[in-house]
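Following: one structure in C-alpha coordinates, then a few remarks.
In UniProt numbering, the protein residues as written are 1 to 333.
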(Lines of atoms letter the chains of each structure in order from A and count residues from 1; the text may use other names and numbers.)
(Lines give C-alpha, C1' and ligand atoms only; values in the text may rest on other atoms or scores of the structure.)
Protein backbone atom coordinates (compact mmCIF):
# COMPACT_ATOMS: atom_id res chain seq x y z
CA UNK A 1 0.00 0.00 0.00
CA UNK A 2 1.48 3.35 -1.02
CA UNK A 3 0.85 6.88 0.20
CA UNK A 4 -1.60 8.73 -2.07
CA UNK A 5 -0.82 6.28 -4.86
CA UNK A 6 2.90 7.18 -5.02
CA UNK A 7 4.56 3.78 -5.43
CA UNK A 8 7.95 4.91 -4.11
CA UNK A 9 6.38 6.10 -0.84
CA UNK A 10 5.13 3.12 1.18
CA UNK A 11 2.37 3.72 3.71
CA UNK A 12 3.67 2.91 7.19
CA UNK A 13 1.63 0.74 9.55
CA UNK A 14 1.61 2.50 12.91
CA UNK A 15 -0.34 -0.40 14.34
CA UNK A 16 3.07 -2.11 14.52
CA UNK A 17 4.91 -1.67 17.82
CA UNK A 18 8.17 -2.50 16.04
CA UNK A 19 7.64 0.36 13.58
CA UNK A 20 6.99 2.80 16.42
CA UNK A 21 10.22 1.69 18.07
CA UNK A 22 12.17 2.30 14.85
CA UNK A 23 10.62 5.70 14.13
CA UNK A 24 10.52 7.32 17.58
CA UNK A 25 10.70 5.10 20.68
CA UNK A 26 14.12 3.43 20.63
CA UNK A 27 17.06 5.50 21.86
CA UNK A 28 18.58 5.26 18.37
CA UNK A 29 15.25 5.76 16.59
CA UNK A 30 15.02 8.11 13.62
CA UNK A 31 13.58 11.01 15.59
CA UNK A 32 15.84 10.69 18.63
CA UNK A 33 19.09 10.14 16.77
CA UNK A 34 19.08 13.56 15.16
CA UNK A 35 17.99 15.36 18.32
CA UNK A 36 21.23 14.21 19.97
CA UNK A 37 24.86 15.11 19.37
CA UNK A 38 26.52 15.48 16.93
CA UNK A 39 23.41 16.58 15.01
CA UNK A 40 21.54 18.34 17.83
CA UNK A 41 18.72 19.61 15.62
CA UNK A 42 16.23 22.08 17.08
CA UNK A 43 13.17 19.99 16.30
CA UNK A 44 11.19 18.20 13.62
CA UNK A 45 8.88 19.48 10.91
CA UNK A 46 6.41 16.76 9.94
CA UNK A 47 5.14 16.74 6.37
CA UNK A 48 1.39 16.12 5.82
CA UNK A 49 1.09 15.63 9.56
CA UNK A 50 -2.70 15.73 9.47
CA UNK A 51 -2.94 12.37 7.67
CA UNK A 52 -0.22 10.48 9.51
CA UNK A 53 -1.07 7.21 11.28
CA UNK A 54 -4.62 7.04 10.01
CA UNK A 55 -6.40 5.64 6.99
CA UNK A 56 -9.58 3.75 6.15
CA UNK A 57 -8.22 0.63 7.89
CA UNK A 58 -6.57 1.95 11.05
CA UNK A 59 -6.75 5.25 12.95
CA UNK A 60 -4.19 5.70 15.73
CA UNK A 61 -3.58 9.35 14.89
CA UNK A 62 -3.88 10.97 18.32
CA UNK A 63 -2.26 8.04 20.08
CA UNK A 64 0.83 8.17 17.88
CA UNK A 65 1.16 11.95 18.06
CA UNK A 66 1.00 11.86 21.85
CA UNK A 67 3.72 9.23 21.90
CA UNK A 68 5.91 11.16 19.44
CA UNK A 69 5.54 14.36 21.44
CA UNK A 70 6.41 12.59 24.68
CA UNK A 71 9.49 10.88 23.22
CA UNK A 72 10.78 14.04 21.53
CA UNK A 73 10.42 16.14 24.69
CA UNK A 74 11.97 13.40 26.82
CA UNK A 75 15.03 13.45 24.57
CA UNK A 76 15.27 17.23 24.16
CA UNK A 77 12.75 19.29 26.15
CA UNK A 78 13.09 22.44 24.03
CA UNK A 79 12.82 20.67 20.67
CA UNK A 80 9.89 21.88 18.59
CA UNK A 81 7.26 19.58 17.09
CA UNK A 82 6.09 21.48 14.00
CA UNK A 83 3.36 20.09 11.77
CA UNK A 84 2.26 20.83 8.24
CA UNK A 85 -1.49 21.44 8.50
CA UNK A 86 -3.70 23.67 6.35
CA UNK A 87 -6.63 23.89 8.78
CA UNK A 88 -6.71 25.41 12.28
CA UNK A 89 -5.88 22.13 14.10
CA UNK A 90 -7.05 23.56 17.43
CA UNK A 91 -7.49 20.08 18.93
CA UNK A 92 -3.77 19.36 18.54
CA UNK A 93 -2.60 22.20 20.79
CA UNK A 94 -3.17 20.50 24.14
CA UNK A 95 0.53 20.41 25.22
CA UNK A 96 0.54 16.70 24.33
CA UNK A 97 0.71 16.55 20.52
CA UNK A 98 2.02 19.58 18.55
CA UNK A 99 3.83 22.78 19.43
CA UNK A 100 3.06 24.61 16.21
CA UNK A 101 1.94 24.34 12.60
CA UNK A 102 2.81 25.95 9.31
CA UNK A 103 0.10 28.55 9.74
CA UNK A 104 -1.68 28.45 6.40
CA UNK A 105 -5.03 28.91 8.14
CA UNK A 106 -4.41 32.28 9.82
CA UNK A 107 -1.64 33.68 7.63
CA UNK A 108 -1.07 32.38 4.10
CA UNK A 109 -4.65 31.64 3.13
CA UNK A 110 -6.38 34.88 4.23
CA UNK A 111 -3.45 37.18 3.40
CA UNK A 112 -3.15 35.84 -0.13
CA UNK A 113 -6.91 36.15 -0.56
CA UNK A 114 -6.89 39.80 0.48
CA UNK A 115 -4.01 40.41 -1.91
CA UNK A 116 -6.21 39.18 -4.75
CA UNK A 117 -5.93 35.39 -5.12
CA UNK A 118 -8.33 32.58 -4.31
CA UNK A 119 -8.16 30.49 -1.16
CA UNK A 120 -5.20 28.10 -1.30
CA UNK A 121 -7.15 25.14 0.04
CA UNK A 122 -10.48 25.74 -1.68
CA UNK A 123 -8.90 26.35 -5.08
CA UNK A 124 -7.55 22.79 -5.04
CA UNK A 125 -11.10 21.45 -5.17
CA UNK A 126 -13.16 22.30 -8.24
CA UNK A 127 -16.53 22.58 -6.47
CA UNK A 128 -15.20 24.74 -3.65
CA UNK A 129 -13.30 26.98 -6.07
CA UNK A 130 -16.63 28.03 -7.61
CA UNK A 131 -17.88 29.55 -4.35
CA UNK A 132 -17.82 33.35 -4.43
CA UNK A 133 -17.76 35.54 -1.33
CA UNK A 134 -16.42 38.99 -0.35
CA UNK A 135 -12.66 38.99 0.05
CA UNK A 136 -12.50 42.31 1.83
CA UNK A 137 -10.92 43.53 5.07
CA UNK A 138 -13.85 42.21 7.11
CA UNK A 139 -13.33 38.73 5.72
CA UNK A 140 -9.58 38.93 6.41
CA UNK A 141 -10.10 40.16 9.96
CA UNK A 142 -12.70 37.55 10.82
CA UNK A 143 -10.54 34.73 9.47
CA UNK A 144 -7.67 35.85 11.68
CA UNK A 145 -9.93 36.24 14.71
CA UNK A 146 -11.52 32.85 14.04
CA UNK A 147 -8.11 31.31 14.59
CA UNK A 148 -6.98 33.45 17.51
CA UNK A 149 -10.15 32.83 19.51
CA UNK A 150 -9.58 29.07 19.34
CA UNK A 151 -5.87 28.98 20.18
CA UNK A 152 -4.28 29.78 23.58
CA UNK A 153 -2.13 32.91 23.45
CA UNK A 154 1.03 30.99 24.30
CA UNK A 155 0.46 28.79 21.25
CA UNK A 156 -0.29 31.82 19.07
CA UNK A 157 3.23 33.09 19.71
CA UNK A 158 4.65 29.75 18.52
CA UNK A 159 2.85 29.53 15.19
CA UNK A 160 4.94 29.50 12.01
CA UNK A 161 3.30 32.24 9.95
CA UNK A 162 3.96 32.25 6.22
CA UNK A 163 2.86 33.63 2.87
CA UNK A 164 4.82 31.31 0.57
CA UNK A 165 6.29 27.82 0.78
CA UNK A 166 7.65 25.01 -1.40
CA UNK A 167 4.10 23.71 -1.95
CA UNK A 168 2.50 26.86 -3.35
CA UNK A 169 3.21 29.40 -6.08
CA UNK A 170 4.96 32.49 -4.76
CA UNK A 171 2.40 35.22 -4.22
CA UNK A 172 4.25 37.77 -6.37
CA UNK A 173 4.39 35.25 -9.24
CA UNK A 174 0.58 35.21 -9.46
CA UNK A 175 -0.50 37.09 -12.61
CA UNK A 176 -2.80 39.59 -10.87
CA UNK A 177 -0.60 40.37 -7.85
CA UNK A 178 1.46 43.55 -7.80
CA UNK A 179 4.70 43.95 -5.90
CA UNK A 180 2.94 46.50 -3.72
CA UNK A 181 0.25 43.97 -2.77
CA UNK A 182 2.93 41.40 -1.94
CA UNK A 183 4.71 43.94 0.25
CA UNK A 184 1.46 44.79 2.02
CA UNK A 185 0.96 41.12 2.80
CA UNK A 186 4.57 40.90 4.02
CA UNK A 187 4.14 43.81 6.43
CA UNK A 188 1.00 42.25 7.92
CA UNK A 189 2.75 38.87 8.14
CA UNK A 190 5.48 40.31 10.35
CA UNK A 191 2.87 41.91 12.61
CA UNK A 192 0.76 38.82 13.31
CA UNK A 193 1.27 36.94 16.59
CA UNK A 194 3.73 34.12 15.96
CA UNK A 195 7.06 33.50 14.28
CA UNK A 196 7.57 34.83 10.76
CA UNK A 197 8.68 32.32 8.13
CA UNK A 198 10.32 33.74 5.00
CA UNK A 199 10.38 31.35 2.06
CA UNK A 200 13.90 31.76 0.70
CA UNK A 201 14.11 34.40 -1.98
CA UNK A 202 10.90 36.24 -1.12
CA UNK A 203 13.04 38.97 0.40
CA UNK A 204 14.60 39.65 -3.01
CA UNK A 205 11.64 38.77 -5.28
CA UNK A 206 13.51 35.72 -6.54
CA UNK A 207 12.86 34.84 -10.18
CA UNK A 208 10.56 31.99 -11.15
CA UNK A 209 7.11 31.48 -12.65
CA UNK A 210 3.52 30.87 -11.63
CA UNK A 211 2.72 27.90 -13.85
CA UNK A 212 3.48 25.26 -11.21
CA UNK A 213 5.21 24.84 -7.86
CA UNK A 214 8.45 24.16 -9.74
CA UNK A 215 8.48 27.89 -10.41
CA UNK A 216 8.71 28.56 -6.69
CA UNK A 217 11.86 26.44 -6.29
CA UNK A 218 14.37 28.29 -8.44
CA UNK A 219 17.91 28.32 -7.01
CA UNK A 220 18.80 31.23 -4.77
CA UNK A 221 20.39 34.22 -6.45
CA UNK A 222 23.68 34.94 -4.69
CA UNK A 223 25.61 36.69 -7.45
CA UNK A 224 23.39 38.61 -9.87
CA UNK A 225 22.86 42.26 -8.84
CA UNK A 226 19.32 43.04 -7.76
CA UNK A 227 17.06 45.27 -9.82
CA UNK A 228 15.81 48.51 -8.21
CA UNK A 229 12.47 46.83 -7.44
CA UNK A 230 14.19 43.82 -5.88
CA UNK A 231 16.50 46.07 -3.86
CA UNK A 232 13.55 48.06 -2.52
CA UNK A 233 11.82 44.84 -1.45
CA UNK A 234 15.03 43.56 0.15
CA UNK A 235 15.38 46.77 2.14
CA UNK A 236 11.80 46.40 3.38
CA UNK A 237 12.61 42.94 4.74
CA UNK A 238 15.85 44.26 6.22
CA UNK A 239 13.82 46.69 8.30
CA UNK A 240 11.07 44.24 9.24
CA UNK A 241 13.32 41.44 10.49
CA UNK A 242 15.13 43.31 13.30
CA UNK A 243 11.84 44.83 14.46
CA UNK A 244 10.31 41.38 14.82
CA UNK A 245 13.29 39.97 16.69
CA UNK A 246 13.92 42.92 19.01
CA UNK A 247 10.55 44.36 20.03
CA UNK A 248 8.50 42.73 22.77
CA UNK A 249 5.22 44.01 21.33
CA UNK A 250 5.82 42.06 18.11
CA UNK A 251 6.70 38.88 19.97
CA UNK A 252 4.39 38.53 22.97
CA UNK A 253 2.45 41.80 22.91
CA UNK A 254 -1.28 42.30 22.66
CA UNK A 255 -3.20 42.19 19.38
CA UNK A 256 -6.18 44.42 18.56
CA UNK A 257 -7.84 44.94 15.19
CA UNK A 258 -8.35 48.66 14.51
CA UNK A 259 -10.05 48.51 11.11
CA UNK A 260 -11.58 45.81 8.97
CA UNK A 261 -13.97 48.02 7.06
CA UNK A 262 -14.12 48.06 3.28
CA UNK A 263 -10.64 47.39 1.94
CA UNK A 264 -8.62 48.78 4.86
CA UNK A 265 -7.18 46.33 7.35
CA UNK A 266 -5.28 47.61 10.36
CA UNK A 267 -4.28 46.29 13.76
CA UNK A 268 -2.12 47.22 16.72
CA UNK A 269 0.54 45.24 18.58
CA UNK A 270 1.35 46.70 21.96
CA UNK A 271 2.71 46.46 25.49
CA UNK A 272 2.69 49.05 28.27
CA UNK A 273 5.73 50.68 26.68
CA UNK A 274 5.44 49.88 22.97
CA UNK A 275 2.84 50.51 20.29
CA UNK A 276 2.85 49.54 16.62
CA UNK A 277 0.10 50.16 14.08
CA UNK A 278 0.12 47.91 10.99
CA UNK A 279 -1.95 48.97 7.97
CA UNK A 280 -2.72 47.55 4.55
CA UNK A 281 -5.20 48.95 2.06
CA UNK A 282 -6.49 47.37 -1.12
CA UNK A 283 -8.70 50.37 -1.80
CA UNK A 284 -8.36 52.55 -4.88
CA UNK A 285 -8.96 55.58 -2.67
CA UNK A 286 -6.95 57.36 0.03
CA UNK A 287 -7.93 55.92 3.42
CA UNK A 288 -8.05 57.64 6.80
CA UNK A 289 -7.86 56.01 10.19
CA UNK A 290 -8.26 57.34 13.72
CA UNK A 291 -6.96 55.52 16.79
CA UNK A 292 -7.69 56.38 20.41
CA UNK A 293 -4.41 56.02 22.29
CA UNK A 294 -6.32 55.77 25.57
CA UNK A 295 -7.39 52.29 24.46
CA UNK A 296 -3.75 51.30 24.88
CA UNK A 297 -3.12 53.15 28.14
CA UNK A 298 -1.32 56.03 26.39
CA UNK A 299 -2.00 59.72 25.98
CA UNK A 300 0.54 60.18 23.21
CA UNK A 301 3.31 58.30 21.47
CA UNK A 302 6.65 59.33 20.11
CA UNK A 303 5.41 58.69 16.61
CA UNK A 304 7.57 57.37 13.86
CA UNK A 305 6.52 56.29 10.40
CA UNK A 306 8.75 53.26 10.07
CA UNK A 307 7.83 52.81 6.42
CA UNK A 308 4.98 53.22 3.97
CA UNK A 309 3.20 56.13 2.29
CA UNK A 310 1.60 57.34 5.51
CA UNK A 311 1.05 60.70 7.17
CA UNK A 312 0.34 60.88 10.90
CA UNK A 313 -0.99 63.57 13.24
CA UNK A 314 -1.71 63.48 16.98
CA UNK A 315 -4.41 65.57 18.56
CA UNK A 316 -6.14 65.20 21.93
CA UNK A 317 -4.99 61.63 22.44
CA UNK A 318 -6.08 60.64 18.95
CA UNK A 319 -3.73 59.26 16.33
CA UNK A 320 -4.91 60.31 12.89
CA UNK A 321 -3.44 58.41 9.96
CA UNK A 322 -3.79 58.88 6.21
CA UNK A 323 -2.78 56.04 3.90
CA UNK A 324 -2.42 56.25 0.12
CA UNK A 325 -4.48 54.07 -2.22
CA UNK A 326 -3.31 50.45 -2.32
CA UNK A 327 -0.80 51.38 0.35
CA UNK A 328 0.69 49.81 3.44
CA UNK A 329 2.45 51.22 6.42
CA UNK A 330 3.80 50.76 9.91
CA UNK A 331 3.70 53.44 12.59
CA UNK A 332 5.21 52.88 16.00
CA UNK A 333 7.62 53.78 18.70
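We put the CB at the ideal spot given by N, CA and C, even for glycine.
Please read all numbers here as calculations on a predicted model, not as lab measurements.
Residue 239 is not a Cβ neighbour of residue 162, given a cutoff of 8 Å. Its chain contains 172, 205, 229 and 233 as the residues whose beta carbon lies nearer than 8 Å to that of residue 179, once the 5 sequence neighbours on both sides are disregarded; these appear in chain order. Around the C-beta of residue 103, 16 or more other C-beta atoms lie within 10 Å, and the residue is accordingly described as buried.
A residue is called buried once 16 or more other Cβ atoms fall within 10 Å of its Cβ, and residue 77, having fewer, is exposed. With respect to residue 49, residue 83 sits close: the two C-beta atoms are nearer than 8 Å.
In the structure shown, residue 317 falls within a coil segment according to DSSP collapsed to helix, strand and coil. The region 58-77 and the region 2-22 touch, with no fewer than 3 CB-CB distances between them shorter than 8 Å.
In the three-state DSSP reduction, residue 298 falls in the coil class, being neither helix nor strand.
Residue 199 and residue 298 have their C-alpha atoms some 37 Å from each other. Residue environment for residue 38: exposed (fewer than 16 other C-beta atoms within 10 angstroms of its C-beta). Excluding residues up to 5 positions away in sequence, 88, 105 and 106 lie with their Cβ nearer than 6 Å to the Cβ of residue 147 in the same chain. As summarised for the region 200-258, the continuous alpha helix (DSSP H) elements at least 4 residues long and confined to that stretch are 228-246, given in chain order. Closest option to residue 75, judged by alpha-carbon separation, among 220, 33 and 62: 33. A contact is defined here as three or more CB-CB pairs under 8 Å, and the region 121-135 fails this definition with respect to the region 155-169. In this structure the region 253-272 touches the region 281-300; the number of beta carbon pairs closer than 8 Å is three or more. Look at residue 160 here: in three-state DSSP terms it is strand.
Secondary structure in the region 22-109: the beta strand (DSSP E) runs of 3 residues or longer, each lying completely within the stretch, are 43-46, 80-85 and 100-103 in chain order. When only Cα atoms are considered, residue 144 and residue 62 end up about 26 Å apart.
Assignment of residue 4 by DSSP, reduced to helix, strand and coil, places it in the coil class.
Residue 268 carries a strand assignment under DSSP once its states are collapsed to helix, strand and coil.
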